[in-house]
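Novice:
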Amino acid sequence: MGATGEVNEMVHHMQKFSWVDYVVFVFMLAISAVVGVYWGFMKKQTTQNDYLLGGRNMKVIPVAMSLVASFVSGITLLGSPTEVYMHGTQYAYIMGGIFLMSIVMTQVYLPVFHELKITSNYEYLSMRFDNRVRLFGSVLFAFTLIGWLPIVIYVPALAFNQVTGVDIHIITPIVCLVCIFYTSAGGLQAVVWTDVIQITAMFGAMALVAIKGTLDVGGIAVVWQRNMDSGRIELPNWDPSPLARHTIWNLVIGGLIYWLQANSVNQTMVQRYLALPTLRGAKWAVVLFCIGISVLYCFCLYCGLLIYARFHDCDPLQTKLAKAKDQLLPLLVMDVLGNIPGLPGVFVAGIFSAALSSLSTSLNSMSAVVLEDFYKPFHRKQLSDRQTAWLMRGVVVLLGVVCVGLVFIVEKMGTILQLTMTLEAMTMGPQLGVFSMGILMPWVDSTGALVGGITGLAMMSWWCLTAQMAIARGYISHPHKLLTTVGCTYNYTISDDKTGYSDEEVNPMLHVSYMWYTLAGALVTICIGMVVSQINRARGKPYVPPAPKLLAPQLRRLYREPPHPTEELYIRAYGNNKGTCQTNSTSIIMKPTNETEEIS
């Protein structure tokens with residue numbers, strides 16, 4: 001038998017997915033469907049508030065578990081162990097950024113959104129700026145979601161293929177149909193409670209692999225020693241160069257900004273925080289989310305150490321035992337759990353749980369954005385509860401079907417974890433920049449915010465796409481830790497895929513670590529926004545200072561609001577039908593409601 005044939009024979013032999021495993025996997029899907037039936041047909045979601053926000057009466061612990069489940073997709077579960085196997089444990093220091101994010105979010109961003117009692121956080125942009133900025137933010141969200149969800153669906157299908165041999169284009173439509181069904185039927189309540197079940201499956205799967213794998217290798221001491229000997233256990237890299245791929249600086253500072261956008265101003269996450277009845281409960285949900293995500297990250301990173309400890313002398317990537325980097329963890333699973341019926345099924349159910357939770361949350365959030373940001377601002381006709389329900393469910397079904405179709409395109413793309421963060425950064429930085437200007441910079445006007453956001457998006461699109469193209473063509477390569485095949489006991493063929501291009505051919509800016517992308521996008525957006533606002537002020541363009549409730553709590557005490565314009569001045573600038581008059585206990589705040597300049 002040839003070398004390739006022997007490897008294929010081993011791959012086939014390791015695909016020991018028994019009927020018990022299929023039963024476990026189908027049982028997980030069935031539970032999710034039952035939850036959808038319960039919340040969709042037995043506990044009727046009668047109003048928009050019930051469907052999108054659970055009646056704003058959710059409990060802290062289920063919401064926190066749901067947040068962890070939806071944020072941790074299969075990309076994290078499969079990509080993080082691969083990162084450790086290829087590059088070492090430096091990535092673990094991003095948990096410092098997660099901790100800092102929880103402080104900034106609970107003190108600055110969350111109080112503003114929660115006190116406004118909004119459904120879509122892009123409503124804030126029309127309150128603070130105007131409908132143009134709101135539309136810009138919601139379109140960016142939709143664009144990011146449509147690009148991200150197919151990757152979320154594809155990754156667990158890859159794992160399923162590794163352990164069963166079933167084609168990814170057979171399993172993805174089946175699993176996604178279940179997800180589309182329970183999300184469209186049960187709304188946020190169904191999403192949260194299926195997430196609770198699914199996060200339990202995720203933790204169980206990762207714990208199972210970690211414990212059994214450690215025992216098989218020979219204990220924690222063996223795992224630690226083999227990784228120490230290979231240089232994978234790393235102290236913080238203090239290199240100040242922005243070109244270094246992972247350092248303590250870009251993981252903590254860049255990680256803080258990345259997580260701030262992903263958790264503080266992202267509709268998929270904010271919507272769950274807004275479903276909690278009190279701000280105190282929402283803050284506790286942030287804390288519990290950070291603890292949960294850190295524990296799950298530790299499991300993922302340890303599994304990366306475990307993969308190396310198991311394959312330290314016979315790299316499965318070079319021998320093609322694993323055909324893609326993100327199949328390393330499934331390969332380990334079949335190696336350590338394959339002989340025990342049911343356990344591979346638990347693992348695959350856990351990986352698919354991660355995907356289902358991310359997909360269901362995103363579909364539910366997208367229905368909120370379409371209703372609140374794409375329909376209501378531009379259509380005066382009031383929808384009945386029945387029409388609203390059909391619109392929201394229609395969005396869930398349509399977007400779900402589109403994402404399944406886009407999996408065919410994702411299949412042709414490269415390494416998952418870095419690719420995802422890079423493509424997300426095109427829109428994440430500008431989004432965070434626009435929200436931060438609104439909450440932290442009272443002097444920025446709507447035109448400044450819009451021009452800043454568009455400029456940031458244009459620059460980051462060029463930067464991210466050019467860098468990704470350079471990596472795909474081999475112009476930029478990131479050296480990985482030593483991998484060897486000296487201990488392999490089977491025949492294999494190593495193909496040389498190197499392109500031979502040198503790093504010198506590429507613009508030095510493209511070598512900047514992808515961990516800085518979100519920060520760069522936010523800074524460009526903010527700087528341009530401030531400059532344009534100052535130019536507008538110098539030209540004498542009218543400006544209305546924002547209401548205190550639209551600013552961070554710390555600024556409400558420090559920022560002395562200028563006197564509000566009189567109604568006469570307001571009407572002179574806008575005419576009679578250009579704005580609405582919002583009142584509070586101390587003053588009248590004139591606020592524009594359409595795409596007009598603001599009053600000075």
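Everything in the sequence shown is counted per our numbering, starting at 1 for the first residue and increasing by one.
Idealized CB from N, CA, C, for every residue including glycine.
Below 6 Å CB to CB, which residues in the same chain sit around THR361 once its five sequence neighbours on both sides are set aside?
Specialist: Once the five neighbours on either side are set aside, the close Cβ partners of THR361 are SER70, VAL191, THR268.
Novice: Could you tell me the alpha carbon to alpha carbon distance between TYR501 and SER32, rounded to whole angstroms?
Specialist: Residue placement at TYR501 cannot be trusted, given a pLDDT of 44 that sits under 50; the coordinates are not used to answer.
Novice: Along the alpha helix (DSSP H) that carries GLY187, what are the first and last residues, could you check?
Specialist: First-last of the alpha helix (DSSP H) with GLY187: 168-217.
Novice: Considering Cα atoms alone, identify which of PRO150, GLY97, TRP193, MET460 is closest to LEU399.
Specialist: Considering only alpha carbons, the answer is PRO150.
Novice: What residues in its chain sit with their C-beta under 7 Å from that of ALA275, if we drop five residues either side in the sequence?
Specialist: Taken in chain order, the residues that qualify are LEU53, GLY54, ARG56, MET58, VAL63, LEU188.
Novice: Roughly how many angstroms lie between the CA atoms of VAL112 and MET509, to the nearest whole one?
Specialist: Roughly 36 Å between the two C-alpha positions.
Novice: Out of curiosity, what's the CA-to-CA distance linking TYR308 and ILE526?
Specialist: Cα-Cα distance, rounded: 43 Å.
Novice: Classify ASP313 as helix, strand or coil using the three-state DSSP reduction.
Specialist: Residue state, collapsed to three classes: coil.
Novice: Measure the CB-CB distance between PHE17 and PRO330 and report whether it falls below 7 Å.
Specialist: In this structure, PRO330 does not lie closer than 7 Å to PHE17 by Cβ.
Novice: Report the residue from PHE41, PRO548, LEU383 whose alpha carbon sits nearest the alpha carbon of GLY438.
Specialist: Looking at the Cα atoms, PRO548 is the closest of the given residues.
Novice: Can at least three beta-carbon pairs, one atom from the segment 366-378 and one from the segment 227-235, be found at a separation below 8 Å?
Specialist: No: fewer than three Cβ pairs fall under 8 Å.
Novice: Looking at the secondary structure, which residues open and close the alpha helix (DSSP H) in which THR485 lies?
Specialist: It is not in any alpha helix (DSSP H) - THR485 carries neither H nor E in the DSSP assignment.
Novice: Look at VAL24 and ALA520 and say whether their C-beta atoms are less than 7 Å apart.
Specialist: For VAL24 and ALA520, no; Cβs fall outside 7 Å.
Novice: Output the boundary residues of the alpha helix (DSSP H) element that contains VAL479.
Specialist: Looking at the sequence provided, one finds Pro at residue 479 rather than Val. Careful: PRO479 lies outside any alpha helix (DSSP H) and carries neither H nor E.
Novice: Could you check the C-alpha separation between THR82 and LYS212 for me, to the nearest Å?
Specialist: Distance between the alpha carbons of THR82 and LYS212 is about 19 Å.
Novice: When you compare the CB positions of GLN198 and LEU356, do they come within less than 7 Å of one another, or not?
Specialist: Their beta carbons are under 7 Å apart, which means GLN198 touches LEU356 by this criterion.
Novice: Just to confirm the assignment, what range does the alpha helix (DSSP H) spanning PHE347 have?
Specialist: Element bounds for PHE347: 343-369.
Novice: With 16 as the cutoff for other CB atoms within 10 Å, does THR278 come out buried or exposed?
Specialist: Classification of THR278: exposed, given that the 10 Å Cβ count is below 16.
Novice: Distance check for LEU288 and ASN237, CA to CA, integer angstroms please.
Specialist: Answer to the nearest angstrom: the Cα atoms are 29 Å apart.
Novice: According to DSSP, is THR144 part of a helix, a strand, or is it coil?
Specialist: Helix, per DSSP.
Novice: According to the neighbour-count rule (16 or more other Cβ atoms, all chains shown, within 10 Å of its Cβ), is LYS325 buried or exposed?
Specialist: So LYS325 ends up on the buried side.
Novice: State whether the segment 450-458 contacts the segment 539-557, with contact taken as three or more CB pairs (one from each stretch) at a distance under 8 Å.
Specialist: Output reads no: the segment 539-557 does not touch the segment 450-458.
Novice: Beta carbon of ASP21, beta carbon of SER446: below 7 Å?
Specialist: Not a contact, by the Cβ cut-off of 7 Å.
Novice: Quick check on TYR182: buried or exposed, where buried means 16 or more other Cβ atoms within 10 Å of its Cβ?
Specialist: With 16 or more Cβ atoms within 10 Å of its Cβ, TYR182 is classed as buried.
Novice: Quick check on the burial criterion: 16 or more other C-beta atoms within 10 angstroms. Buried or exposed for ARG572?
Specialist: At ARG572 the pLDDT is 40, less than 50, meaning the model places this residue with poor confidence and gives no usable figure here.
Novice: Can you name the start and end residues of the alpha helix (DSSP H) that TYR22 belongs to?
Specialist: From DSSP, the alpha helix (DSSP H) with TYR22 extends over 19-37.
Novice: So for MET441, helix, strand or coil by DSSP?
Specialist: Of the three classes helix, strand and coil, the one that applies to MET441 here is coil, per DSSP.
Novice: The alpha helix (DSSP H) with VAL397 in it runs from where to where?
Specialist: Segment 385-410, the alpha helix (DSSP H) holding VAL397.
Novice: Considering just the uninterrupted stretch of the alpha helix (DSSP H) at ILE535, what are its terminal residues?
Specialist: From DSSP, the alpha helix (DSSP H) with ILE535 extends over 517-538.
Novice: Please work out which residues of its chain come closer than 6 Å, Cβ to Cβ, to GLY96, disregarding the five sequence neighbours upstream and downstream, and give them in chain order.
Specialist: So the list reads VAL252, once near-sequence residues are dropped.
Novice: So, for ASN577: in the same chain, excluding its five sequence neighbours on each side, which residues have a beta-carbon less than 7 Å away from its beta-carbon?
Specialist: Any reading at ASN577 needs caution, since the residue's pLDDT is 42, under 50, leaving its predicted position unreliable; the model's value is listed next. Cβ neighbours of ASN577 beyond the five flanking positions: none.
Novice: Between TRP19 and LEU363, what straight-line distance do the alpha-carbon atoms span, to the nearest angstrom?
Specialist: So the alpha carbons of these two residues sit roughly 32 Å apart.
Novice: Does the distance from the CB of SER163 to the CB of MET441 come in under 7 Å?
Specialist: According to the sequence provided, residue 163 is Val. The question's Ser does not apply to it. No. Outside cutoff.
Novice: To the nearest angstrom, report how far apart HIS246 and ILE98 are at their CA atoms.
Specialist: Looking at the two C-alpha atoms, the distance is approximately 16 Å.
Novice: Over what stretch of residues does the alpha helix (DSSP H) that includes ALA467 continue unbroken?
Specialist: Note, ALA467: alpha helix (DSSP H), 446-472.
Novice: Once you ignore the five residues that flank ALA210 on each side, which residues in its own chain have a CB closer than 7 Å to its CB?
Specialist: If we look at ALA210 and ignore the five residues flanking it on each side, its Cβ neighbours are PHE299, TYR302, CYS303, LEU306.
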